[in-house]
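Student: Take this structure, written in structure tokens, and hold onto it; I'll ask about it next.
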Amino acid sequence: MPLVDFKHVLTYARERKLGVAAFNPVDYNSTQAIIDIADELDAPVICQTSAKTVRYYGAASIYSWMQQLCKKTSVPVSLHLDHGKDLDMIESCIKSGWTNVMIDASDLPFEQNLARSKQVYEMAAAHNVSIEAEIGEIHGVEEDIVVESGGSVVDPDKAEIFCKEMDLGVFAPAIGTAHGIYHGEPKIAWDVLEQLSERINTPFALHGGTGLEDDVIQRCISLGCSKVNISTQLKHAFISGFYEHHRENPDDYEPLSHLKAQDQAMREVVRYKMEQFGAAGHGQAILKAMNTQ
Numbered sequence: 000m001p002l003v004d005f006k007h008v009l010t011y012a013r014e015r016k017l018g019v020a021a022f023n024p025v026d027y028n029s030t031q032a033i034i035d036i037a038d039e040l041d042a043p044v045i046c047q048t049s050a051k052t053v054r055y056y057g058a059a060s061i062y063s064w065m066q067q068l069c070k071k072t073s074v075p076v077s078l079h080l081d082h083g084k085d086l087d088m089i090e091s092c093i094k095s096g097w098t099n100v101m102i103d104a105s106d107l108p109f110e111q112n113l114a115r116s117k118q119v120y121e122m123a124a125a126h127n128v129s130i131e132a133e134i135g136e137i138h139g140v141e142e143d144i145v146v147e148s149g150g151s152v153v154d155p156d157k158a159e160i161f162c163k164e165m166d167l168g169v170f171a172p173a174i175g176t177a178h179g180i181y182h183g184e185p186k187i188a189w190d191v192l193e194q195l196s197e198r199i200n201t202p203f204a205l206h207g208g209t210g211l212e213d214d215v216i217q218r219c220i221s222l223g224c225s226k227v228n229i230s231t232q233l234k235h236a237f238i239s240g241f242y243e244h245h246r247e248n249p250d251d252y253e254p255l256s257h258l259k260a261q262d263q264a265m266r267e268v269v270r271y272k273m274e275q276f277g278a279a280g281h282g283q284a285i286l287k288a289m290n291t292q
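For the sequence shown, the positions run 0 to 292 when numbering that gives the first Met the number 0 is used.
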């Protein structure tokens, strides 16, 4: 089926306190693993490409994968640009068929962030594409951008103004999570997230989902984090599945057996996360709800 804008998907998820998994595939095989498991579990899913992945393969190639793989699906699948900063790339993805894009201007002062985000919002709206935007800086490493430990937690007052200025598909507030692997227990600003949940109806994106304890994820989902990002964990499965197979079979130089092990490792991560976040079994219901709007 055709790719879908995740705006209605995430609205459905927020109303029911569900989390929709957003994975960062790195090639055709990882994309196929994500979509196959989504179809198997009747789960909505977001395939979000990093800017460096777009630069590596090209927007046309990635979109062609998605078109081919989604022909046989019966669940909502969205194609999203994660942490977009370059306006030319954002425009290219929009025109190439991405259903959603993120503008990450979180390193700018609030007024400049708002202005840049509104610029992308208008650009995307002209093509019926919704956007994700961020306030506060989520620490860790993402897209070769390093934000020192601690980042900056979002100001609820500014977040409320920001979300009133644009009808975002999803809002990414910095609440204390981090990109990459956690070294110690993350310090979630629960008081801030609770305020945001009460004051803003827009679904939230939880960045830095890899490594969070289940009770933390479930609490975040219950407070409106309807999009849960998983990148690092999938990358580790991508590398480890291949490496472990060769370590256990040092004389095996058949590439396809290594790729099969890699694929299995990724599918295990995808299946676990989709079931963990609660949206498995809701794919058809979401499509039905979308068709009646």
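Just so it is clear, CB atoms sit at the ideal spot from N, CA and C, and this is done for glycine as well.
Since the structure is predicted, the reported quantities are computational estimates derived from the model, not experimental observations.
(1) Specify the secondary structure class of residue 213 as computed by DSSP and reduced to three states.
(2) Note the first and the last residue of the continuous beta strand (DSSP E) segment covering residue 132.
(3) Take the Cβ of residue 291 as the centre, count every other Cβ of all protein chains shown within 10 Å, and call the residue buried at 16 or more, exposed below.
(4) Got a sec, what are the start and stop residues for the alpha helix (DSSP H) residue 258 sits in?
(5) Would you kindly work out how many angstroms separate the C-alpha atoms of residue 16 and residue 28, rounded to a whole number?
(6) Can you pull the DSSP bridge partners for residue 48?
(7) Compare the beta carbon distance of residue 227 and residue 161 with 8 Å and say whether it is the shorter of the two.
(8) Using CA coordinates, which residue listed in 189, 51, 192, 157 is at the minimum distance from residue 112?
(9) Answer with buried or exposed for residue 99, where buried requires no fewer than 16 other C-beta atoms within 10 angstroms of its C-beta.
(10) Exposed or buried, what is residue 247 when buried is set at 16 or more other beta-carbons lying within 10 Å of its beta-carbon?
(11) What residues in its chain sit with their C-beta under 6 Å from that of residue 241, if we drop five residues either side in the sequence?
(12) Residue 72 to residue 34, Cα distance in whole Å?
(13) Enumerated in chain order, which unbroken segments of the beta strand (DSSP E) with a length of 3 residues or greater are wholly contained in the stretch 56-107?
(14) Going by CA-CA distance only, name the one from 176, 238, 201, 233 that's closest to residue 211.
(15) Cα separation between residue 285 and residue 45?
(16) Between residue 238 and residue 18, is the Cβ-Cβ spacing less than 8 Å?
(17) Following the continuous alpha helix (DSSP H) through residue 285, name the residue where it begins and the one where it ends.
(18) Starting from the Cα of residue 194, find the closest Cα among 214, 229, 164, 152 and give me that residue.
(19) Quick one: what does DSSP say residue 144 is sitting in, helix, strand or coil?
(20) On a Cα-Cα basis, can you pick out the residue from 38, 173, 23 that is closest to residue 282?
(21) Quick one: residues in its chain with C-beta nearer than 7 Å to the C-beta of residue 155, no 5 flanking neighbours on either side, listed in chain order?
(22) Helix, strand or coil for residue 8, going by three-state DSSP, please let me know.
(23) I'd like to confirm the pairing. Which residues does DSSP put opposite residue 227 in its beta bridges?
(24) Tell me whether residue 114 sits in a helix, a strand or coil according to DSSP, three-state version.
(25) Skipping 5 residues on each side, what residues in its chain have a beta carbon closer than 6 Å to that of residue 22?
(26) What is the rounded straight-line gap between the Cα of residue 6 and the Cα of residue 254?
(27) In its own chain, which residues sit with a C-beta less than 6 Å from the C-beta of residue 182, not counting the 5 before and 5 after it?
(28) I'd like the span of the alpha helix (DSSP H) that includes residue 25, first residue to last.
(29) Note down, in chain order, each residue of its chain lying with its Cβ closer than 8 Å to the Cβ of residue 104, except the 5 sequence neighbours on either side.
(30) Helix, strand or coil: which one does DSSP assign to residue 237?
Tutor: Result, derived from the coordinates:
(1) Your numbering for residue 213 matches position 214 in the sequence shown. Residue 213 falls in the helix class under three-state DSSP.
(2) Numbered from 1 along the sequence shown, position 133 holds the residue referred to as residue 132. 129-134 is the span of the beta strand (DSSP E), which, as asked, contains residue 132.
(3) Mapped onto the sequence shown, residue 291 falls at position 292. The residue is exposed, with fewer than 16 neighbouring Cβ atoms inside 10 Å.
(4) Translated into the one-based positions of the sequence shown, residue 258 becomes position 259. For residue 258, the uninterrupted alpha helix (DSSP H) run begins and ends at 254-276, by DSSP.
(5) Walking along the sequence shown from the start, residue 16 turns up at place 17. Walking along the sequence shown from the start, residue 28 turns up at place 29. Taking the straight line from one Cα to the other gives about 31 Å.
(6) Here the question's residue 48 lines up with position 49 in the sequence shown. DSSP, once it has assigned bridges, lists 80 as partnering residue 48.
(7) Taking the first residue of the sequence shown as position 1, residue 227 is located at position 228. Taking the first residue of the sequence shown as position 1, residue 161 is located at position 162. It is not a contact, given that the beta carbons lie outside the stated cut-off.
(8) Looking up residue 112 in the sequence shown gives position 113. Comparing alpha carbon positions, the residue from 189, 51, 192, 157 closest to residue 112 is 157.
(9) Along the sequence shown, one-based indexing puts residue 99 at 100. That one is buried.
(10) On the sequence shown, residue 247 is found 248 positions in, with the first residue counted as 1. In the assembly as shown, residue 247 is an exposed residue. Its beta-carbon has fewer than 16 other beta-carbons within 10 Å.
(11) Position 242 of the sequence shown, counted from the start, is the residue given in the question as residue 241. Answer for residue 241: 257, 261, listed in chain order.
(12) As a first step, residue 72 is located in the sequence shown; it is residue number 73 there, counting from the start. As a first step, residue 34 is located in the sequence shown; it is residue number 35 there, counting from the start. Rounded to the nearest angstrom, the two C-alpha atoms are 8 Å apart.
(13) As far as the stretch 56-107 is concerned, its whole beta strand (DSSP E) runs of at least 3 residues are 76-83, 99-102.
(14) Position 212 of the sequence shown holds residue 211. Selected option, being the one with the closest Cα: 176.
(15) As a first step, residue 285 is located in the sequence shown; it is residue number 286 there, counting from the start. As a first step, residue 45 is located in the sequence shown; it is residue number 46 there, counting from the start. Roughly 14 Å separates the two Cα atoms.
(16) Along the sequence shown, read from residue 1 onward, the residue named residue 238 stands at position 239. Along the sequence shown, read from residue 1 onward, the residue named residue 18 stands at position 19. Cβ distance not < 8 Å, so residue 238 and residue 18 don't count as in contact.
(17) As a working note, residue 285 is residue 286 in the sequence shown. That run of the alpha helix (DSSP H) goes 282-290.
(18) Mapped onto the sequence shown, residue 194 falls at position 195. Ranking 214, 229, 164, 152 by CA distance to the CA of residue 194 puts 152 first.
(19) The sequence position of residue 144 within the sequence shown is 145, counting from 1. Interpretation of residue 144 is limited by its pLDDT of 45, a score under 50 that renders its predicted location unreliable; no figure is taken from the coordinates.
(20) As a position in the sequence shown, residue 282 is number 283, starting the count at 1. Closest option to residue 282, Cα to Cα, is 38.
(21) The residue labelled residue 155 in the question sits at position 156 within the sequence shown. If we look at residue 155 and ignore the five residues flanking it on each side, its Cβ neighbours are 191, 194, 195, 198.
(22) For the purposes of this step, residue 8 is taken as residue 9 along the sequence shown, with counting starting at 1. In the structure shown, residue 8 falls within a helical segment according to DSSP collapsed to helix, strand and coil.
(23) The sequence position of residue 227 within the sequence shown is 228, counting from 1. DSSP, once it has assigned bridges, lists 20, 205 as partnering residue 227.
(24) By 1-based counting over the sequence shown, the position of residue 114 is 115. Under the three-state reduction of DSSP output, residue 114 falls in the helix class.
(25) Sequence index remark: in the sequence shown, residue 22 carries index 23 (1-based). Closer than 6 Å at the Cβ level, and outside the excluded window around residue 22, lie 33, 229, 233.
(26) As a working mapping, residue 6 is identified with position 7 in the sequence shown. As a working mapping, residue 254 is identified with position 255 in the sequence shown. Cα-Cα distance, rounded: 39 Å.
(27) For the purposes of this step, residue 182 is taken as the residue at position 183 of the sequence shown. Residue placement at residue 182 cannot be trusted, given a pLDDT of 44 that sits under 50; what the coordinates show is reported in the next sentence. Here the set comprises nothing.
(28) Here residue 25 corresponds to residue number 26 of the sequence shown, with the count starting at 1. For residue 25, no alpha helix (DSSP H) run applies, since DSSP gives it neither H nor E.
(29) Within the sequence shown, the letter at position 105 stands for residue 104. Closer than 8 Å at Cβ, skipping near neighbours: 84, 111, 112, 115, 116, 132, 133.
(30) On the sequence shown, position 238 is the one that residue 237 refers to. Here residue 237 sits in helix by DSSP.
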